[in-house]
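Trainee: Residue numbers (our numbering), protein chains in the order written: chain A, 1 to 788; chain B, 789 to 1570.
By construction, the Cβ of each residue, glycine as well, lies at the ideal position given by its N, Cα and C atoms.
Next up, the structure:
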């Protein structure tokens, strides 16, 4: 077990932490429909707003005549990109890519918001007003096939001013040594001596893989309702109330010069979406429209308008040098990647695989280079190719080496994985070894080469294996607060951010430390509070739990001190009732705080736990505890991915119907070491979600564009096929607890590290001996089999 | 969603009445309609939604009179769960169970399911982003777009293709191209001759508006329809004995046609083909009218016209030449002699422009008629041609080829609005003719009655805001063009010289013969008129279409059966194209003589060979709708030999599905499905249904298959492989009377996909369809 920092980090006996099936505080609201998203808010006298949306993949609005639209009864306001109010509007800090005006006349993807916003009494009138706009479009060349867009002779789609990046912006940035040409920017990162690495190799394998774009579809489309109101308690001037923009209410308030204390938000939900923290225009614009019209304004996207990418498309070619035993000596990794539209998020930096298996490999000679192609395919709001999905390139390398050498890929992985401290450390990683041992048992692992196993029903059997480190990127601190009020422990929090419902883990840790049950902790949602458990998915959850653990122990100390003080100096009866002094003699009289403990909801005497009082009787005080800080940095982050602690493994078995090309995932297996399981329900559901994610992007989900028009054809739940509940395979899970993480009790994030785009693809190859690019839909499988 | 009115119908009649009152839609479960309305996918939005579910008594399943009867409003879930359906009509129960999701099955009805609209992603794209052929637009975007889920057996015409729409005669161009691709040239001829009996002529001189409409223009180059037409036109003439045949039966009726231009010839052909005695009068020495006299031989060889006239004579049409009606013979005499008379006298008269010195100019048409004699002794002169149409081009080029030193052409229209075809303008420029667009005529420059040139004035606009011809000039901008000869080709007037005080007919405001829009009959009963005489100068193909129309009017007047005229012997259900051929981006270009080898009497270009024409026809997209029918229940009904009962009739399930604009059934606008009738299965018969989709729920079929194994008369129907459910007759034949085993089922699967013509991206559906047939058959053993 690692040397776990913080109070009770070494705790071995848990009453609450690790307890299964504890109900979620917010999931009740979601399950019952009580939870309100932006689209659900209705307030009196409310107007509605809609954007003009581009029917073209790339076009410029030359002019708009709004005369007819304004004449429609019920139209309250029309704003265009030339309006001074819009020109003054600045983007929120999480705008990505080059700076653009908040609203301009350029539509760089089909359905993009462009040029005009209409405000009317209802959405139908908005639609009619939009239809009545006389818009003069200039239709421009577009790119939805990035391989064609890469052609140097292809028309340049992006104005040159959009190639200028302000300082401090996310990547991609033009490489000064390899300036942008046509639609293509370039990036290259080299470590080690690539030529020497290949010279050292006995064999070279090369392979291509395509990482498809796939969706991060928000179940509840983003939107907001905003209004202005008089708020004399918080100074002069109007205050802003905005609902439906949970995570960014202060940032949006900032767009309108509003301090946090004058920006009100009471709702808790904006919809869960994987790693997407970007606000949409529909969320940011309502305060302006409300100010102009003097009435509340609601603006909500449709589902189709929110079919944004989670991952952009990428084609990769890899060249891997290996020794005859399978040891990798050099990797040359080249990608052609979709740069997306202007304003897309951080994307496609070369070395994005550094945080993946390339850093887990002993190999030191690695080159990554990338052609980043501008496109009109779509926008990503935050996530990029830096996501761990790219780690499949390494997973494929391991599989291909195994296939070539006739070995088990697990052995190849073990051979190439370096030790815990560095790429030159030859020791095994305990967490990895433990996951492998358990994984082999779980899966009855019996490796076979490709095309070697037929199931009794005639289908071909395939299997695959994948490992990953548990990355930690929760680098921010947490401002925790706990309060004992009338005997109840309250945990105030600003609530869930970006759909991360992680407060349960925090509450469990608090309960654990305070000798209470999980249900005893009152989670108080208040937008004015500062504590939020985010900071990197489950990584943030466990890291914030560490901070909350510290806070709980501060509170505990204060409770015990108060209990002693009140034992010595009983308070007078309260004029408003209250708990009053303890009945009978106070058992704590004459003791010191260190003689006491908290257990089963009581303050008890350590030496005789039968002696005790319920907390509410032990002290009548309202007691606050705060803690600001964060757990010690993870060794992963100290080595930026080159130091290994907690690991996870995933396995997949498939059956391929050779007549129809249908791939059935027989089961997923996951053996993960999250260090310490805090809330099994959260962890299990995260694993399930990640496997669902993996299944979807590898077998079903696909963005299809009409190449001539650039219009996206699969922006609805029928055409864009996410797996249904009937499609989802069993996911067998085993959780190990090596306590080697840096967060509460040695926990670490499991995060998205299990999501992948190629584990199923590799299993398919193992079944049929040919590669199928994801999504491996039956048509592609049959084509690969030569049957279509 | 846009607002609409909603009414709960209490009876079918009430629903029908409501339907007819305005733009309306039916809702019978709503699972298809609501999405359609919400996404705004259709060009027209209903102002009224008529709810059928409020009609009592249409939701039942009962076995009665040896039949299974299912009310049209029966919920799909009830069909899926019904014990008798599961036991005796297994395919239907299985099909119902495979529909969408439990919730949708609880809402959706069988009547709604079989009437649902296509699921094509172009058709369904929100905000009617693709106004495809299925919605009345011009194009099926799937043909050149994303078609992996579309038909593997071809498309169906949901509309008139834009090439046909642009053709004044309405030639079924994709239809005859299809026959050419199949090697059926004679069938292709039949299709083209349905509307155009002189393809050898139009192949050479038609303006080919069809090519402007060609959907290939969206991506590369129009199919060279003109070239293919010319090839097939020559093929027709070479085999004239086969295609210009005397009618098998004479009607005993006689018709006189005055004028042997394209309109007169067209009318003559269709009238003669219908069995009438046809006599064509013409004032010229040779028949053919403008074709013979106005169009230069380098564009249309005289021999081609003569061959055509000869072919028409061979089918029994009599030509009486050098007879000028009104002079040689009076119109009244014709009227007495014949059962009907048709005037197709054309526009041979010179118009008066009204400029000073106009009498010193020559009429371009006269020039063309007498071309060889006209230029005698004028070699080396400078010529000005006025006019911007094809006749002007012909005049200019002819003058040049006759040896004029310099030919200038001036016209009112700006370059991009000149009425001449682009290829004729290009031909003129290639031969050195100087074209001066946007210049109007001011006055003839002359000295002592000798032409010295023309003063031109700048034309700033030709048409006014109403679109009427009303040129405006900048008189300050003047230009003099030196010329010894001025040839006026600024229009022609109709020749109505046959009219006199005694013989009158009603004329319209433009001084043209006024005819019925519907029948082409003039104000004189039984007397018809057609072509330029009724419209002013027009195109050859327009004249042909007008002649055909007049023929139909005359046949109707005469009471002659015309059915053979409108029936095609080669109509097929699905249309196909050549998947390899459509990849060819460059259009066929006719081989041209080098400029220095061009002569007046030598055709400039060569007719494409049949192989070249065939290759070019393979570029045709044959623009049908390739969306598949999405219903799971439809194939089961067809396999079970069901009938669909409506408020008006009973329709065989197999005949129920059709492809029309915004519609997937044969139902008329006021027709509502009321009941499904399925005959009881014979003893021992078994049925099964199997669906292939990417997901286990919610998805529409990629392929589905219903089978009925019934001894010697099995029925197999595939769904989602064609625009309508596809009855696999070949597979039925293979399996008829045979035991259902692996081998026979597989053979049936292979037979089922015979003749499939997939796109590159949906070839996989062939493999799937094959497998589904096999597995569905084997499922009947379980």
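Checking contacts by CB at 9 Å: is residue 790/B closer than that to chain A?
Mentor: Position 2 of the second chain, counting from 1, holds the residue named residue 790/B. Answer yes: the Cβ-Cβ gap between residue 790/B and chain A drops below 9 Å somewhere.
Trainee: Answer with buried or exposed for residue 491/A, where buried requires no fewer than 16 other C-beta atoms within 10 angstroms of its C-beta.
Mentor: Against the first chain, residue 491/A aligns to sequence position 491. Per the 10 Å Cβ criterion, buried.
Trainee: For residue 65/A, list the residues DSSP reports as bridge partners.
Mentor: Within the first chain, numbered from 1, the residue matching residue 65/A stands at position 65. DSSP output for residue 65/A lists 134/A as bridge partner(s).
Trainee: Would you mind stating whether residue 1129/B and residue 1375/B have Cβ atoms separated by less than 9 Å?
Mentor: In the second chain, counting from the first residue as 1, residue 1129/B sits at position 341. In the second chain, counting from the first residue as 1, residue 1375/B sits at position 587. Against a cut-off of 9 Å, the Cβ pair of residue 1375/B and residue 1129/B comes out as no contact.
Trainee: Within its chain, find whatever has a CB closer than 8 Å to the CB of residue 460/A; leave out the 5 residues flanking it on each side and keep chain order.
Mentor: As a first step, residue 460/A is located in the first chain; it is residue number 460 there, counting from the start. If we look at residue 460/A and ignore the five residues flanking it on each side, its Cβ neighbours are 451, 453, 454, 655, 656, 658, 767, 768.
Trainee: Just by C-beta distance, which residues in the region 292-315 of chain A are closer than 9 Å to chain B?
Mentor: Taking a C-beta cut-off of 9 Å against chain B, the contacting residues of the region 292-315 of chain A are 302, 304, listed in chain order.
Trainee: Enumerate in chain order the residues of its own chain whose CB-to-CB distance from residue 683/A is below 7 Å, with the five nearest sequence positions on each side excluded.
Mentor: For this step, residue 683/A is matched to residue 683 along the first chain. Same-chain partners within the cutoff: 674, 677, 735, 750.
Trainee: Mind listing the chain B neighbours of residue 700/A? Cutoff is C-beta to C-beta under 9 Å, in chain order.
Mentor: Locating residue 700/A in the first chain gives position 700, where the first residue counts as 1. Within chain B, the residues near residue 700/A are 1482, 1483.
Trainee: Under a CB-based cut-off of 9 Å, is residue 1006/B close to chain A?
Mentor: If you number the second chain from 1, residue 1006/B lands on position 218. Chain A contact via Cβ: present.
Trainee: When you compare only the Cα positions, how much space is there between residue 357/A and residue 27/A?
Mentor: Your numbering for residue 357/A matches position 357 in the first chain. Your numbering for residue 27/A matches position 27 in the first chain. One C-alpha to the other measures close to 35 Å.
Trainee: Can you list, in chain order, the residues of its chain whose CB lies under 7 Å from that of residue 1296/B, leaving out five sequence neighbours each side?
Mentor: Against the second chain, residue 1296/B aligns to sequence position 508. Once the five neighbours on either side are set aside, the close Cβ partners of residue 1296/B are 1302.
Trainee: Give the range of the beta strand (DSSP E) segment to which residue 734/A is assigned.
Mentor: Taking the first residue of the first chain as 1, we reach residue 734/A at position 734. Run containing residue 734/A: 731-735, per the beta strand (DSSP E) assignment.
Trainee: Say whether the region 302-315 of chain A touches the region 60-76 of chain A, bearing in mind that this needs 3 or more beta-carbon pairs closer than 8 Å, one atom from each stretch.
Mentor: no
Trainee: Within 10 angstroms of its Cβ, does residue 147/A collect 16 or more other Cβ (buried), or is it exposed?
Mentor: Position 147 of the first chain, counting from 1, holds the residue named residue 147/A. Exposed is the call here.
Trainee: Report buried or exposed for residue 1517/B, applying the criterion of at least 16 other Cβ atoms within 10 angstroms of its Cβ.
Mentor: By one-based count along the second chain, residue 1517/B stands at place 729. Its Cβ having fewer than 16 others within 10 Å, residue 1517/B is exposed.
Trainee: For residue 1646/B, which residues does DSSP report across the bridge?
Mentor: As shown, chain B starts at 789 and ends at 1570. That puts residue 1646/B outside it, with no answer to give.
Trainee: Taking the alpha carbon of residue 812/A as the reference point, which residue from 1469/B, 1008/B, 1200/B, 1098/B has its own alpha carbon closest?
Mentor: Only positions 1 to 788 of chain A appear in the structure, and residue 812/A is not among them; the question remains open.
Trainee: So, at 8 Å on beta carbons, what are the nonlocal neighbours of residue 1526/B in its own chain, with the 5 sequence-adjacent residues on each side left out?
Mentor: Here residue 1526/B is taken as the residue at index 738 of the second chain, counted from 1. Taken in chain order, the residues that qualify are 1532.
Trainee: With a cut-off of 8 Å, do at least 3 Cβ pairs link the region 583-594 of chain A to the region 530-539 of chain A?
Mentor: Output reads no: the region 530-539 of chain A does not touch the region 583-594 of chain A.
Trainee: Which word fits residue 1558/B, buried or exposed, when buried means at least 16 other C-beta atoms lie within 10 angstroms of its C-beta?
Mentor: Counting from 1 along the second chain, the entry for residue 1558/B is found at position 770. Residue 1558/B comes out buried.
Trainee: Using 8 Å as the Cβ pair cut-off and three pairs as the minimum, do the region 896-906 of chain B and the region 804-820 of chain B touch?
Mentor: Short answer: they touch.
Trainee: With a cut-off of 8 Å, do at least 3 Cβ pairs link the region 47-59 of chain A to the region 102-117 of chain A?
Mentor: yes
Trainee: Where DSSP assigns a beta bridge to residue 629/A, which residues make up the other side?
Mentor: Translated into the one-based positions of the first chain, residue 629/A becomes position 629. DSSP output for residue 629/A lists 478/A as bridge partner(s).
Trainee: At 3 residues or longer, what runs of the beta strand (DSSP E) sit wholly inside the region 1484-1546 of chain B?
Mentor: 1491-1497, 1503-1507
Trainee: Rounding to the nearest angstrom, what Cα-Cα distance links residue 1464/B and residue 833/B in this structure?
Mentor: Here residue 1464/B refers to the residue found at position 676 of the second chain. Here residue 833/B refers to the residue found at position 45 of the second chain. Spanning the two alpha carbons is a distance of roughly 29 Å.
Trainee: Comparing the C-beta of residue 787/A with each C-beta of chain B, is any distance below 9 Å?
Mentor: For the purposes of this step, residue 787/A is taken as residue 787 along the first chain, with counting starting at 1. At least one chain B Cβ lies under 9 Å of residue 787/A.
Trainee: Under three-state DSSP, which class holds residue 1078/B?
Mentor: Counted from its first residue, the second chain places residue 1078/B at position 290. Helix at residue 1078/B.
Trainee: Note the first and the last residue of the continuous alpha helix (DSSP H) segment covering residue 891/B.
Mentor: Here the question's residue 891/B lines up with position 103 in the second chain. Its alpha helix (DSSP H) spans residues 890-895.
Trainee: What alpha helix (DSSP H) runs, 4 residues minimum, are completely inside the region 1426-1466 of chain B?
Mentor: 1441-1444
Trainee: On the DSSP bridge list, what partners appear for residue 1393/B?
Mentor: Looking up residue 1393/B in the second chain gives position 605. Paired residues: 1380/B.
Trainee: Does the CB of residue 782/A have a neighbour CB from chain B at under 9 Å?
Mentor: Counted from its first residue, the first chain places residue 782/A at position 782. So yes, residue 782/A belongs to the interface.
Trainee: Just the Cα atoms here: how many angstroms apart are residue 1063/B and residue 1040/B?
Mentor: Taking the first residue of the second chain as 1, we reach residue 1063/B at position 275. Taking the first residue of the second chain as 1, we reach residue 1040/B at position 252. Taking the straight line from one Cα to the other gives about 8 Å.
Trainee: So for residue 1624/B, helix, strand or coil by DSSP?
Mentor: Outside the shown range of chain B, which is 789 to 1570, sits residue 1624/B, and nothing can be said about it.
Trainee: Assign residue 1005/B to one of three DSSP states: helix, strand, or coil.
Mentor: Numbered from 1 along the second chain, position 217 holds the residue referred to as residue 1005/B. Of the three classes helix, strand and coil, the one that applies to residue 1005/B here is helix, per DSSP.
Trainee: Counting only C-beta atoms, is residue 443/A closer than 9 Å to chain E at any point?
Mentor: In the displayed structure, chain E is absent; the protein chains listed are A and B.
Trainee: In the DSSP assignment, find the alpha helix (DSSP H) that holds residue 281/A and state where it starts and stops.
Mentor: Residue mapping note: residue 281/A aligns to position 281 of the first chain, counting from 1. Residue 281/A -> alpha helix (DSSP H) spans 281-284.
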